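The sequence shown finishes on residue 768 if you use numbering that gives the first Met the number 0, and the numbering steps up by one all the way, no holes.
The beta carbon of each residue, even a glycine, is placed where N, CA and C say it ideally should be.
A quick note: this is a predicted structure, and the numbers were derived from the prediction, not measured.
Note sheet for the following structure.
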Amino acid sequence: MKLSMFTRRNLFPATSTIAHHLRGCILGLLFLIAAPMCAQQGGGSPVRVAVLKDNLPGLDLASVEQTISVLKGAEFAVRTIDIAQLGSKDSFNAAQYDCLVLSHSRRFTATAKQNFLSFLKDGGDLVLLGGDGFTQPDSIVLPAFSRYEPYMLKDVVSVRTYADQNLLKPMQVKGRFVGLSAVGFNRVVAKFVPLLSAMDAHGRTKGWASGLLTHFDEYKGSNWLLFGISNPEFYRTSIFAETLKAMLVKMKSGELERTAAAENEKRLAVRIKLATPAPTAFLRLSEDGKHIVYPDGRRFFMIGANYHRPLNGALHNSGDFDHAALEDDFRKARDAGVNCMRIGFSGRFYDDPALIKECARKYGIYLLVVVPGAPQDFAENAGKVAQLYADEPMVLGYDLQNEPKIEALAGLKFDGAKSPVLKLHPEFEKNLPAFAKLWNEATDPLTRGVPSTFPGLTGPLTVPDEWRELYGATNGTLDLWISKQIQAIRKYDKHHLISVGYNRFLECLPANKQLSFVSHHVYDRPSSYEQVVSNVTALDRIAGVWSDRPITLGEFGYSNGVVTPDGRYLDLHTSAVGEMIHYLYALAKGYDGAMKWALTDWHWDVIAKAAEKGRNTQIYEAYFGMYYYDGNPRGLGRPKPICYSTKFLRDYVDEHGPGGTLDIKRAQTSIGTGYVYKAKNAMFVGDYAYKSPELEFRSQQPSNVMVTWSGDGIKLMSTSDATVSIAPERLVSRITTESAKLEGDCGAVTRKNGRLSIRMLEGETIHIR
0 MKLSMFTRRN LFPATSTIAH HLRGCILGLL FLIAAPMCAQ QGGGSPVRVA VLKDNLPGLD
60 LASVEQTISV LKGAEFAVRT IDIAQLGSKD SFNAAQYDCL VLSHSRRFTA TAKQNFLSFL
120 KDGGDLVLLG GDGFTQPDSI VLPAFSRYEP YMLKDVVSVR TYADQNLLKP MQVKGRFVGL
180 SAVGFNRVVA KFVPLLSAMD AHGRTKGWAS GLLTHFDEYK GSNWLLFGIS NPEFYRTSIF
240 AETLKAMLVK MKSGELERTA AAENEKRLAV RIKLATPAPT AFLRLSEDGK HIVYPDGRRF
300 FMIGANYHRP LNGALHNSGD FDHAALEDDF RKARDAGVNC MRIGFSGRFY DDPALIKECA
360 RKYGIYLLVV VPGAPQDFAE NAGKVAQLYA DEPMVLGYDL QNEPKIEALA GLKFDGAKSP
420 VLKLHPEFEK NLPAFAKLWN EATDPLTRGV PSTFPGLTGP LTVPDEWREL YGATNGTLDL
480 WISKQIQAIR KYDKHHLISV GYNRFLECLP ANKQLSFVSH HVYDRPSSYE QVVSNVTALD
540 RIAGVWSDRP ITLGEFGYSN GVVTPDGRYL DLHTSAVGEM IHYLYALAKG YDGAMKWALT
600 DWHWDVIAKA AEKGRNTQIY EAYFGMYYYD GNPRGLGRPK PICYSTKFLR DYVDEHGPGG
660 TLDIKRAQTS IGTGYVYKAK NAMFVGDYAY KSPELEFRSQ QPSNVMVTWS GDGIKLMSTS
720 DATVSIAPER LVSRITTESA KLEGDCGAVT RKNGRLSIRM LEGETIHIR
């Protein structure tokens, strides 16, 4: 007996609620009768599949019809249901199904949503057809699919099986496809396996046409087969049909979740021990105290990043410390050219300092360690951290606190006594926010409403007479707070430098003379040329106060979750241009470096679970990373364009050190800004296009086009696909247009009129010899 799903559906027109429930009961009975007969034909228990066929207006449901067509056969018993049935306790019996197939998740009733999630929680499998239906405002929130820029599939000309998976046979189909990358985001409680790669004309993977998310917690035992392509014709291809049929059988077997759980246990069991030899000496201050230098006296320039990853598994709440994930992040930092990371935003970093030391040594990354712990235990906390890292040469120094607030410091006790602030103004003891408000009023002429860049500061700090007592008490409080921590650190550690990660005007008070260097945080959003310039020139204003010590940006960054004046999110290529301006400004002006916030994006599924309350803020906070998560099990993250820039910059700085000139100019980018940097044997340009005798380029996206040269040849890189033209003889006289030999991946190359024109591919470095 083999019933057509369309015939069965037409047998029971939905004329009333009673008829509807009766139809569901009879269909369920027919389904249970048909399943054993199908099993007899196929020689085994069929995969029982329910396909949600909900006729939403304006939707092309070709993928649903194709799924029903594909799953005809002895291995599958298929039934169609609609939202009303899914939302009915009488007609939806989860025990009848092994798998649900959805093309959209909109307009679910509360009961339908509850039934659906209960099915997944009980280990039921899921197939999602196309990502668009799961990213709408009224969609069910699942840790799969996102409209975040890196997951938008475009320029795809073929789909093929991912080379590093072992679940599918090799297959390929050609065609112009679009959609959303089929990424599952629950790395901590699930294993993601890319199945089908979406490829561009240059053979680059642009994302995943299909992927598998196998849960070993939260939705334990539930496998989610994701298809991200939105083109209806994709669902008529053999690669879709073969993937769907093969994976449904594997999903039902139970082997996938057993393997995923075992791999997770194995990974969490990894323990990395301290084995790499330490450097023989420490970073230190130069003789004049104005710069940070290597042990041999060479200038050290931070090409840095902040490490803050509590949301994706390196440090998670289950009690297991994922050593392998943390080491992978250090590897990614090294690959991006990062030479310094600011760490310590979670106390878990201090559970195993040997792990942190080993990763720092192995990957050559210096550490600025943030002191954690309760504010009232500030001196004790500083001493504890110093005991852990006192003898580690890969530690640059200690950051006494991340962005301290003056009202919090004012409320602390010092040797059991009230702070100088509260001695001056006892009425603030029970209302510290009132003190903060007064302090903001006192400093407003200098901050002018922009607290992290204080544009009103034009030289050494001068205090108006009317605020002299308040400034004095505030400075006295800050002096006690800093000095007591330094005393606690120096009890154990005589080597390392000490700073505070300030994001406010407190940094300019005299109490900070005790610190080794400045570590300032700037976050003026890049809505205009003027704001970009205000951000980077904050370094100059700070240097006007502290001309006798190293000046750094301890945090800066442009989130790809910030909305630009054109109403769109800041794209990855434009943010790379804006962020390079920060690194290059510090380099050209002789400062000691900058550290981007942050190394990795936060995970989308955690952000989504914040629900609509605060969602925009969470999206802004989530997308500051140099790397974004793409589910790839080898690497656990894909570089944004900024990574290619910092790697190229690191190679140059290691050889030549700080220096050069930077021209920040107005441009047609969404942040209104571009730049031209020139230094010894180097030219870096950020814009859509540029023209000079040495270098020309044009691109569809803002690019950092970077070129360096030496007797060994010319190195060239662009952070987006671009047509780049150079006159090689103007850079290295022995290299002519005709004799030039190119090494590296690129598109077409033409040689004409003394110039090489190269179709550069994003992030690929070309060597010209």
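Distance between residue j and residue i (C-alpha atoms, nearest Å)
i: Glu578; j: Ile405; result: 29 Å
i: Thr735; j: Lys751; result: 11 Å
i: Gly710; j: Arg733; result: 9 Å
i: Phe329; j: Gly72; result: 49 Å
i: Pro136; j: Leu101; result: 17 Å
i: Pro463; j: Leu367; result: 35 Å
i: Ser145; j: Tyr628; result: 11 Å
i: Leu29; j: Ala93; result: Note that Leu29 scores 40 on pLDDT, short of 50, meaning its location in the model is unreliable; the coordinates nonetheless yield the value given after this. Each residue's alpha carbon lies about 16 Å from the other.
i: Met759; j: Ser719; result: 8 Å
i: Val269; j: Thr275; result: 17 Å
i: Ser237; j: Thr749; result: 40 Å
i: Gly458; j: Asp478; result: 22 Å
i: Leu167; j: Ala208; result: 14 Å
i: Lys251; j: Asp97; result: 7 Å
i: Trp480; j: Arg298; result: 30 Å
i: Glu357; j: Val394; result: 12 Å
i: Ser157; j: Met170; result: 11 Å
i: Ser717; j: Val652; result: 18 Å
i: Val531; j: Thr110; result: 50 Å
Buried versus exposed call for residue i [16 or more other C-beta atoms within 10 Å across all chains shown]
i: Pro727; result: buried
i: Ala381; result: buried
i: His45; result: It should be noted that the sequence gives Pro, not His, for residue 45. By the neighbour-count rule (16 or more Cβ atoms within 10 Å), Pro45 is buried.
i: Ala416; result: exposed
i: Arg257; result: exposed
i: Lys52; result: buried
i: Ser229; result: buried
i: Lys714; result: buried
i: Arg467; result: exposed
i: Ser68; result: exposed
i: Glu761; result: buried
i: Gly753; result: exposed
i: Gln375; result: exposed
i: Lys436; result: exposed
i: Ala261; result: exposed
i: Ala678; result: buried
Cβ-Cβ separation, residue j to residue i (assumed contact under 8 Å), whole Å
i: Asp124; j: Asn222; result: 5 Å
i: Ala277; j: Leu225; result: With 8 Å as the limit, Ala277 and Leu225 do not qualify as a contact, their Cβ atoms being about 45 Å apart.
i: Glu506; j: Ile541; result: 7 Å
i: Tyr626; j: Lys331; result: 6 Å
i: Lys588; j: Leu538; result: 7 Å
i: Ile302; j: Tyr590; result: The pair is not a contact, with the Cβ atoms about 12 Å apart (cut-off 8 Å).
i: Lys483; j: Ala378; result: 5 Å
i: Gly500; j: Asn338; result: Between Asn338 and Gly500 the Cβ distance is about 18 Å, and since that is not below 8 Å, they are no contact.
i: Tyr306; j: Ala597; result: 7 Å
Cβ neighbours of residue i in the same chain (closer than 8 Å, five flanking residues each side left out)
i: Asp350; result: Phe320
i: Val449; result: Asp523 and Ser533
i: Glu148; result: Asn559, Tyr568, Asp570 and Leu571
i: Asn263; result: Lys190 and Phe215
i: Leu152; result: Phe176, Val177, Gly178, Leu179, Ser180, Ala197, Lys205, Gly206, Ala208, Gly227 and Ile228
Residues near residue i by beta carbon distance below 7 Å, same chain, minus five either side
i: Tyr557; result: Pro525, Leu569, Ser574, Gly577 and Glu578
i: Lys219; result: Gly122
i: Tyr619; result: Ser558, Gly560 and Val561
i: Pro454; result: Arg447 and Ser533
i: Ala240; result: Val69
i: Val535; result: Ile580, His581 and Tyr584
i: Pro193; result: Tyr161, Gln164, Trp207, Gly210, Gly630 and Asn631
i: Lys690; result: none
Spatial neighbours of residue i in its chain, beta-carbon cut-off 6 Å, leaving aside the 5 residues before and after
i: Lys664; result: Gly673
i: Ala688; result: Arg697
i: Glu763; result: Gly743 and Asp744
#### Entry: Complete runs of the beta strand (DSSP E) confined to the region 45 to 105 [at least 3 residues]
Qualifying beta strand (DSSP E) stretches, in chain order: 46 to 51, 75 to 80 and 98 to 101.
### Query
Could you give the uninterrupted runs of the beta strand (DSSP E) lying entirely in the region 110 to 194, keeping only those of 3 residues or more?
Given a length threshold of 3 residues, each whole run of the beta strand (DSSP E) inside the region 110 to 194 is given here in chain order: 124 to 128, 151 to 160 and 171 to 179.
### Query
Which runs of the alpha helix (DSSP H) spanning at least 4 residues fall entirely within the region 218 to 294, listed in chain order?
Correct list: 237 to 252 and 254 to 267.
### alpha helix (DSSP H) runs contained entirely in the region 662 to 750, provided each spans 4 or more residues
Contiguous alpha helix (DSSP H) elements confined to the region 662 to 750 occur at 727 to 730, taking only those with 4 or more residues.
### Task
Report the residue ranges of all alpha helix (DSSP H) runs contained in full by the region 484 to 561; include only those spanning at least 4 residues, in chain order.
You should have 528 to 544.
### Query
What residue ranges within the region 421 to 466 form continuous alpha helix (DSSP H) runs of no fewer than 4 residues, ordered along the chain?
If only uninterrupted alpha helix (DSSP H) runs of at least 4 residues are considered, those enclosed by the region 421 to 466 are 431 to 446.
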